[in-house]
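Okay, so here's the structure we're looking at.
Number of protein chains: 2
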Amino acid sequence: MVSSIKRFLIGRPLKSKDLGEQKLNKTKALAILSSDALSSVAYGPEQILIVLLTVSAAAFWYSIPIAVGVLVLLIALILSYRQIIFAYPHGGGAYVVSKENLGLNPGLVAGGSLLVDYILTVAVSVSAGTDAITSAFPNLHPYNVPIAIIFIVFITILNLRGVTESASFLAYPVYLFVLALFVLIGVGIYRILTGQVPAGLHTPIGTPVAGISLFLLLKAFASGSSALTGVEAISNAIPNFKDPGPKNAAKTLAAMGTLLALLFSGIVFLAYYYGTTPRADVTVVSQIAEKTFGRSFMYFFIQGTTALILILAANTGYSAFPLLAVNLAKDKFIPRMFTVRGDRLGYSNGIIILGILSILLIIGFKGHTGQLIPLYAVGVFIPFTMSQTGMIVKWIREKPKGWVPKLITNATGALISLIVTFMFFLTKFIQVWPVLIFLPIIILMFHKIRKHYEAVGDQLRITTCEAAIPIEGNVLIVPVAGVTHVVENSINYAKSLSPEQIIAVYVAFDREDERKFEEKWKQWQPDVRLVTLHSHYRSIIQPLTKFVDTVQHKASESNYRVTVVIPQFIPKEGWHHILHNQSSLLIKAFLLYRRNIIVTTVPFHLKK
Amino acid sequence: MVSSIKRFLIGRPLKSKDLGEQKLNKTKALAILSSDALSSVAYGPEQILIVLLTVSAAAFWYSIPIAVGVLVLLIALILSYRQIIFAYPHGGGAYVVSKENLGLNPGLVAGGSLLVDYILTVAVSVSAGTDAITSAFPNLHPYNVPIAIIFIVFITILNLRGVTESASFLAYPVYLFVLALFVLIGVGIYRILTGQVPAGLHTPIGTPVAGISLFLLLKAFASGSSALTGVEAISNAIPNFKDPGPKNAAKTLAAMGTLLALLFSGIVFLAYYYGTTPRADVTVVSQIAEKTFGRSFMYFFIQGTTALILILAANTGYSAFPLLAVNLAKDKFIPRMFTVRGDRLGYSNGIIILGILSILLIIGFKGHTGQLIPLYAVGVFIPFTMSQTGMIVKWIREKPKGWVPKLITNATGALISLIVTFMFFLTKFIQVWPVLIFLPIIILMFHKIRKHYEAVGDQLRITTCEAAIPIEGNVLIVPVAGVTHVVENSINYAKSLSPEQIIAVYVAFDREDERKFEEKWKQWQPDVRLVTLHSHYRSIIQPLTKFVDTVQHKASESNYRVTVVIPQFIPKEGWHHILHNQSSLLIKAFLLYRRNIIVTTVPFHLKK
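From first to last, the protein sequence lines stand for chains A and B.
Numbering of the first sequence is given in the working numbering, commencing with residue 1 and proceeding in unit increments.
Numbering of the second sequence is given in the working numbering, commencing with residue 1001 and proceeding in unit increments.
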């Protein structure tokens, strides 16, 4: 039944050779990999205005030069990542680039912070989208957390179904959102050009503003830069592209950059020209839409697609997290299970764990994940900086043809990213400090895991010089609880293996019991040696393990192996389990885990 | 570490032969077995007044005749249970008496309703006691549920330490409570006799009251009878008494009856004479105490011991539940684990489960378990009625010397209990109806469990006429994952058992992998047959179980047994487990539970 529910939810399993069919064309790739970056247009411009508002509404004209700065950063990042795509066609992004050029620990800093960041992406964007929906339907507000969880479960299942299916599904809302915003910007600019918007709504560019400071402008710039989170996703996901992967990825990246730049500048410009002031209850995009269309169909269309894309931004995390996890797991820094492809050829463990962790985050923050946004932004700009710096090192070291312009591109990207990172620490330290705690912890954990895997490898490797200790014979111990078919079954099995010695062990609680059982045994199995143990404390396990220890001690002297043969009841119905003392499980735990004893479990299936 | 915490909490284990030392003398037995009954003095009289208040305060004089009725019922019950004690010296109370005389299902009705009732006792009395404490310290009020849980955990640990230790500990508060109430009643009566209390506070007995009805009086009587819950506990617990058990139990029962009668009449009388009106915020006992002593030390002493005894009333549940569970488990109606004595010779499974279930009840009702009181009372009077009826049948059937007065005693008890039971259904149906749902469910469950155990017994029993199928030989299947020490270990073990056939099985994910591994294997283990399986769907378990099925099918034709030898990593540290795919556990589950395959687990302990 479990398996048919699974089939229903994620579809029939796919063969490994079908992997090629699961790859993405550019249109679909753009939809699922750029939802995070594009969705940030919905809140990025607003972030700039919120910071400027702390001085006065007259300072709003600064949003134009700040937006230019963000666009420069965007162009630098897009060009830099384009170069990364061609230099590292197998994907991996910041982690691989930093590791190869800057060394292991910088790589782990980049990888670790991205890994955490994708979890934050999912939590933050799904809660933001849920907020947008429950703002429209206030009755639903108390159910924010369960609604967000339902969305995450839905996106998780979509991704477990496979990357192409989720792409086909997600392409519509993403392109509808882009279309909606283009219509908004187009109509807005048309109305301005045709003079339908009064010109006096905004302060002219260059108006002197009292109280403005460089610190404040940098803070506004850093806030605006949070609109750039997600641009690295494509470079991580090259293996998901149809061949030729790097070329397709680069084209998709360019398309995303262009869309992002156009939408971002359009919204910033309209917000400025309309003199929009950020408000707690209505978003800036919503205000612009209302001013442009009134409360018409287009207004609700823009609101709806915005809410949708905020939720679907989570999908970028789902595309990038599992691939990054594979890279880290291949290098043995996180559990091996992340490298296993699931039924539908996606890295299902990564997808499931991402879903679980982001649900936990949402529950932990009761859906108020807005507090996490700065943390999330700084967690993106650290790997941005590291990967660009890595590329600088690469160009200087390798000096390929035409390396100077490449160097300049990456150096610009690195410098701006570094400045933005510093800005975050400087202006939002209160929200950003946890990164200084958890990054070292994560990196320590990476090293501990790697160390363990390497130790295991050493212990498993067969070297020619050492010879295994030969096994000279076997002792089989059969704990018996009575004269029953179960015991008969185990004893017959033990006999059939014809070991050097069989010992039946009975644990008696009193003398009378002991005498009776020994008599019965002598009649029933006269040829099997019976040892009776006393249990003063009514425990079966204690005397048994003590006895097994003694046997083991003697056996190891002559290179004999000790095996304990344990019968296990398998009841017909699940609930019957609680009706049977689970001694066999306990015995197994004590013998297998605490000692070096081989345990043979002979099932006894109850038929009714 | 777990084991040393356990030692600290419940003490060193006791040997089975120390059982005698764990038995109770009369003083201690009275303390731990009568806390439930005695504590009901704290609320029983109040229950009567609350019902009468629905007419008018003038009706309060009816509390005197009603109390006389309750006393008659008490005497009848005490005498009846005294006869049960001598007739059934091994304990078991209502369950055993009803089962032997009325038949199996009546016995299960009595047993099932008592079993649930003891859980209610614990939940209700601990919440009532916690309420009493948090009423005194209103700051603690929001923490009612956690405080109640702490009390239950404490009482559970006390009972796990053993019956004598808990008795020594609990004797003080119980006797202090009795002492406090006697002082209260004594001083109160002295003040009345010396004329310090004005005589006009109460309406004289016999004053006609408008609106009084028989229904109302019966309802008040039923409510007052809830003070009698707990009188059956001693008859269940005879095995806990020092020899001669029945005689000591009978004396203890008489002592308890006397104390209960005196305290109950005293409180009812004082409440009546003082003209006390029940109030939502102050209990009747508290009002009497304040009127008698003012806010002096004695007042707080009475309040404190009352709170304590309400909590300790739970202990009666802890004494009676495990013993009743043993009786039911011996008859195979509930899981066998209830018959096992723990480290300190108490039936620890019963104690722990009682604790867990009552904690769940308190959490489920958020500490407001007051709603459960009528349910709890009716759950006591059903077994009261059944056991008295059982005794009637016994006397008529056996007709021992002097059986007529015995019959009359039990018949009186049965009749009054039956009337009270009906009263509850008649007057409080809204709170009492769940008993009509859960009792049948519990009894059905009892039968299902018994049926399962009997079916198991049938399947295990060795009868002479049938012969076991002989085992002609063994096939050992060793799943291998590479050329490592782990595999070497398993293969060597398999060889040492020299079975008729060893098959190493390798699951390959692609052709290249397959070819390479087969070559390696030929060099490494040329004498062990290797079968390579293909996994199109990247699952190890599916092809493996399919292969095992095929082998099993062939093997069973010639009476061969199939054993799968699985290596299992045992990492040095617990957290390492998540770093290894738990395939071996999954394989075991598939082979053992779904099929009839023997599984041998060869541990491989990692040293670092």
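For glycine and all other residues, C-beta sits at the position ideal for the given N, C-alpha and C.
- Around Y1347(B), no beta-carbon contact reaches into chain A at under 9 Å, the shortest distance being about 11 Å.
- Contact between Y1095(B) and L1324(B) holds: CB atoms are separated by about 6 Å, below the 8 Å threshold.
- Taking 7 Å as the threshold, the shortest C-beta distance from T1545(B) to chain A does not fall below it.
- Proximity of chain B to D343(A) at the Cβ level (cut-off 7 Å) is accounted for by Y1537, in chain order.
- The bridge partners DSSP lists for R1561(B) are N1474(B).
- Ranking F1301(B), A1132(B) and T1229(B) by CA distance to the CA of L1184(B) puts F1301(B) first.
- For I1462(B), a Cβ of chain A is located within less than 7 Å of the residue's own Cβ.
- Nearest CB-CB separation between N1159(B) and chain A: not below the 7 Å threshold.
- A261(A) is not a Cβ neighbour of L170(A), given a cutoff of 7 Å.
- Of the candidates I477(A), H536(A) and A29(A), the residue whose Cα lies closest to the Cα of A254(A) is A29(A).
- K1554(B) counts as exposed, since fewer than 16 other C-beta atoms from the protein chains shown sit within 10 angstroms of its C-beta.
- Contact check for K1251(B) against N1025(B) fails: the beta carbons are separated by 7 Å or more.
- With contacts defined as CB atoms closer than 7 Å, S127(A) and I362(A) qualify as a contacting pair.
- Neighbours of V1486(B) in chain A, taken as residues at a C-beta separation under 8 Å, are given in chain order as L460.
- If you draw a straight line from the Cα of I152(A) to the Cα of Y347(A), it comes to about 17 Å.
- C-alpha of T1283(B) to C-alpha of P1045(B): approximately 10 Å in a straight line.
- Within the segment 482-510 of chain A, those residues whose Cβ lies closer than 9 Å to any Cβ of chain B are, in chain order, G482, V483, T484, H485, V486, V487, E488, N489, N492, Y493, K495, S496, L497, S498, P499, F509 and D510.
- If you ignore the 5 residues before and after V1197(B), its C-beta comes within less than 6 Å of the C-beta of R1191, all in its own chain and listed in chain order.
- With contacts defined by Cβ atoms closer than 7 Å, L345(A) and L19(A) form a contacting pair.
- Under a 10 Å Cβ-count criterion, P204(A) is classified as exposed, with fewer than 16 other Cβ atoms of the shown protein chains found around its own Cβ.
- Look at H1485(B) here: in three-state DSSP terms it is helix.
- In the displayed model, L1345(B) falls within coil according to three-state DSSP, outside both helix and strand.
- Between the alpha carbons of G1342(B) and N1349(B) lies a gap of roughly 8 Å.
- Here T339(A) carries a helix assignment [DSSP, helix/strand/coil].
- P1567(B) and V1507(B) have their C-alpha atoms roughly 15 Å apart.
- Taking all protein chains shown into account, S3(A) has fewer than 16 neighbouring C-beta atoms within 10 Å of its C-beta and is therefore exposed.
- Inclusion of L579(A) and P1335(B) in the CB contact set at 7 Å is warranted, their separation being smaller than that value.
- Within the same chain, and ignoring the five residues on either side of L357(A) in sequence, the residues whose Cβ sits closer than 7 Å to its Cβ are I119.
- Contact annotation: P1374(B) and V1432(B) have beta-carbon atoms nearer than 7 Å.
- Leaving aside the five residues that flank I443(A) on each side, the residues in its chain whose CB is nearer than 8 Å to its CB run, in chain order, N105, L108, V109 and G112.
- Bounds of the alpha helix (DSSP H) holding H1447(B) are P1434 to L1460.
- Residue ranges of uninterrupted alpha helix (DSSP H) with 4 or more members, entirely inside the segment 483-548 of chain A and ordered along the chain, are 485-496 and 511-524.
- Listed in chain order, the non-local C-beta contacts of V1483(B) below 6 Å within the same chain comprise K1520 and W1524, local neighbours out to five positions each way being set aside.
- In this structure, R1561(B) sits near N1474(B), with a CB-CB distance shorter than 7 Å.
- With 16 or more other Cβ atoms from the protein chains shown falling within 10 Å of its own Cβ, E1232(B) counts as buried.
- No Cβ of chain A is located within less than 7 Å of the beta carbon of V1404(B).
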